[in-house]
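The structure under discussion appears below in the form of structure tokens.
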Amino acid sequence: MYCNGFSEMYRKLSVIRPTLINRKGPILLHDNTRPNERDVDFVDSRPHSFFIDGVNKLVGRWQRCINCNHFYFE
Numbered sequence: 001m002y003c004n005g006f007s008e009m010y011r012k013l014s015v016i017r018p019t020l021i022n023r024k025g026p027i028l029l030h031d032n033t034r035p036n037e038r039d040v041d042f043v044d045s046r047p048h049s050f051f052i053d054g055v056n057k058l059v060g061r062w063q064r065c066i067n068c069n070h071f072y073f074e
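Following UniProt numbering, the numbering of the sequence shown begins with 1 at its first residue and continues without gaps.
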């Protein structure tokens, strides 16, 4: 969703203002929403079980890391 909107904006800018697209380095900023509002929206959008399950899975993931001597695994 977000990437599609960004790609569309980039495409339109390349036609309307090519000098903005052909620059070196980033120039675009996005989202006037305060960061804490986005965080609260995300947390509020998830059920409690989402967080409980995530925390409960950490123990198993940490144990896998320890068992693999801290090497990368999938």
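Just so it is clear, CB atoms sit at the ideal spot from N, CA and C, and this is done for glycine as well.
Since we're looking at a predicted model, the values are computed, not measured.
{"Item": "Pro47, DSSP secondary structure in three states", "Value": "coil"}
{"Item": "CB contact check: Lys12 to chain D, cutoff 9 Å", "Value": "Going by chain labels, chain D is absent from the structure shown, which holds only one protein chain."}
{"Item": "Collapsed DSSP secondary structure at Asn67 in the structure displayed", "Value": "helix"}
{"Item": "Separation of Arg46 from Glu37, as counted between CA atoms", "Value": "15 Å"}
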